[in-house]
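Residue numbers (my numbering): 10 to 466.
For every residue, glycine included, the Cβ atom is placed at its ideal position computed from N, Cα and C.
Please read these numbers as outputs of a predicted model, since none were measured by experiment.
Inspection log for the structure reproduced underneath, given as structure tokens.
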Ligand SMILES: NC(=O)c1ccc[n+]([C@@H]2O[C@H](COP(=O)([O-])OP(=O)(O)OC[C@H]3O[C@@H](n4cnc5c(N)ncnc54)[C@H](O)[C@@H]3O)[C@@H](O)[C@H]2O)c1
């Protein structure tokens with residue numbers, strides 16, 4: 010039987026449990042976001058258990074290995090909370106949940122091959138909670154979901170066994186996660202968080218819990234669906250604006266205008282918020298978040314044409330990168346078929362190890378269909394096999410076997426490369442999709458250069 014001690018509907022009870030460190034926390038889904046979340050709760054002194062279906066991950070954590078090497082600061086926190094036994098992890102949800110007062114869900118919310126959001130992990134876990142959640146517990150969904158998902162789906166799934174009734178003996182709310190991979194500790198300790206509850210009492214209780222752990226500004230929303238709407242609005246704003254500058258950059262290229270110069274000057278205007286063009290938008294958030302809002306719109310018969318158009322542009326950018334390299338090969342009077350092309354960077358964003366929905370995959374696929382031999386160098390994947398290609402171990406001595414290089418991800422390591430390194434290539438052709446190479450410098454070094462959105466030099 011459960012040893013639950015806290016009534017999660019009672020603010021005084023919750024505060025007492027927090028201050029006496031009696032509150033027991035379970036984080037379900039301890040991936041990129043869930044693990045740092047669980048470690049933060051454990052660091053605040055609360056007994057925290059992480060649950061995940063990935064047995065390898067749990068085995069690795071239980072053997073003391075911290076899996077997120079690209080999250081500065083958390084390796085030390087991990088060592089400390091494991092040593093003082095504040096954090097444990099398991100694959101056994103039935104053992105973990107009934108003993109906890111607070112259940113955080115940091116489960117994946119990906120999309121399928123038709124860009125339809127997939128909430129199956131949340132539905133599966135909600136269904137389990139219906140059988141095993143202790144009465145008077147609080148469930149907080151941190152995953153990114155569509156507005157209305159809590160009210161329309163989660164509540165009825167968790168209630169379905171008949172043991173639990175919302176606002177009577179179980180409570181739910183949201184605190185959408187908005188940290189950036191690679192900077193999670195910084196973001197958890199600096200960025201404001203949104204809080205929404207099934208009622209305002211629960212919103213206040215969630216605020217007091219997060220305040221105990223994170224001490225950042227907590228913005229109370231009128232309900233769960235508004236909090237989730239804000240989360241999606243902020244990310245989709247970025248997806249659309251990247252599409253806007255990417256499309257502009259295609260025109261500036263033709264006009265001989267350097268988009269970098271345009272943006273550097275434009276951002277001096279107080280109300281211009283700069284976004285940068287590139288080879289596409291990937292990752293676990295932006296593309297999916299746009300499709301989440303489009304899914305909501307379709308469901309309720311609305312039209313979100315700007316988001317739709319933005320997605321089309323961002324998804325076309327890999328094709329433009331290939332157009333740039335074809336044009337460069339034309340200038341070099343060599344054929345692209347049979348050539349050796351080096352992809353610098355496969356992560357969807359700089360300085361993280363993450364290839365979810367990365368534009369590099371599409372670029373590689375198109376180039377392989379053109380009969381090229383693809384080589385990859387990315388310091389975060391050195392010696393791994395990615396997209397069926399073994400990633401080079403290091404960058405030294407690569408260039409002499411290469412005809413053309415495409416910078417896909419602006420990892421800091423690539424910004425430090427001397428332009429003369431690229432001269433070692435056989436052709437040499439250099440395509441910069443992230444605006445990190447000075448076009449004139451490339452030209453002075455007799456490199457055939459194409460910069461996405463950089464005009465003709
Ligand atoms: N990664 C980001 O940059 C980021 C930023 C903000 C918000 N988010 C959101 O946070 C949520 C989690 O994302 P993430 O990047 O941490 O995902 P992730 O894939 O890194 O982690 C999810 C974890 O859940 C586990 N899991 C899947 N099904 C499970 C189940 N039935 N029971 C237990 N564990 C299960 C997986 O094994 C995995 O370890 C998503 O909704 C995402 O949109 C992610």
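Run through DSSP, which three-state label would residue i get?
i           : result
residue 205 : strand
residue 318 : helix
residue 290 : coil
residue 386 : strand
residue 147 : strand
residue 176 : coil
residue 441 : strand
residue 306 : helix
residue 72  : coil
residue 396 : coil
residue 415 : strand
residue 53  : coil
residue 10  : Only weak support exists for where residue 10 lies, its pLDDT of 38 falling under 50; the coordinates are left without a value.
residue 98  : strand
residue 283 : coil
residue 357 : coil
residue 199 : helix
residue 364 : coil
residue 341 : helix
residue 298 : helix
residue 323 : helix
residue 188 : coil
Within this structure, are the beta carbons of residue i and residue j separated by less than 8 Å?
i           : j           : result
residue 83  : residue 107 : no
residue 237 : residue 298 : no
residue 464 : residue 257 : no
residue 338 : residue 428 : no
residue 290 : residue 350 : no
residue 58  : residue 109 : yes
residue 419 : residue 440 : no
residue 185 : residue 240 : yes
residue 249 : residue 316 : yes
residue 292 : residue 366 : yes
residue 53  : residue 225 : no
residue 386 : residue 353 : yes
residue 300 : residue 124 : yes
residue 118 : residue 139 : no
residue 7   : residue 60  : What the structure shows of the chain is the stretch from 10 to 466, and residue 7 is not part of that stretch, so it cannot be assessed.
residue 23  : residue 55  : no
residue 68  : residue 362 : no
Please report the distance separating the alpha-carbon of residue i from that of residue j.
i           : j           : result
residue 211 : residue 20  : 8 Å
residue 272 : residue 328 : 23 Å
residue 11  : residue 148 : Any reading at residue 11 must be qualified, since the residue scores a pLDDT of 43, below 50, and its modelled position is unreliable; the value itself is stated next. Cα to Cα, residue 11 sits roughly 16 Å from residue 148.
residue 410 : residue 294 : 36 Å
residue 179 : residue 205 : 15 Å
residue 325 : residue 368 : 10 Å
residue 26  : residue 415 : 55 Å
residue 135 : residue 166 : 6 Å
residue 267 : residue 247 : 21 Å
residue 334 : residue 459 : 7 Å
residue 41  : residue 190 : 7 Å
residue 347 : residue 383 : 10 Å
residue 254 : residue 285 : 6 Å
residue 217 : residue 229 : 11 Å
residue 113 : residue 157 : 18 Å
residue 434 : residue 446 : 16 Å
residue 456 : residue 314 : 41 Å
residue 196 : residue 88  : 20 Å
residue 99  : residue 260 : 53 Å
residue 360 : residue 173 : 45 Å
residue 49  : residue 142 : 23 Å
residue 309 : residue 303 : 10 Å
residue 269 : residue 462 : 8 Å
residue 357 : residue 401 : 18 Å
On the DSSP bridge assignment, give the partners of residue i in chain order.
i           : result
residue 349 : 382
residue 330 : According to DSSP, which records beta bridges pairwise, residue 330 is partnered with nothing at all.
residue 59  : 36, 98
residue 460 : 441
residue 181 : 148
Consider the C-beta atom of residue i and the heavy atoms of ligand 2; say whether any pair is separated by less than 7 Å.
i          : result
residue 41 : In the structure on display, ligand 2 does not appear, and the ligands it does have are ligand 1.
query = Could you give the uninterrupted runs of the beta strand (DSSP E) lying entirely in the stretch 105 to 173, keeping only those of 3 residues or more?
reply = 111 to 114, 146 to 150
ask   = Counting only runs that start and end within the stretch 19 to 48, where is the alpha helix (DSSP H) found for 4 or more residues in a row?
value = 20 to 28
4-residue-minimum alpha helix (DSSP H) runs that sit fully inside the stretch 205 to 253, ordered along the chain = The qualifying runs are 209 to 223.
message = Report the start-end ranges of each beta strand (DSSP E) in the stretch 252 to 277 that is 3 residues or longer and not cut off at the edges.
response = Annotation: the stretch 252 to 277 contains no complete segment of the beta strand (DSSP E) (minimum length 3 residues).
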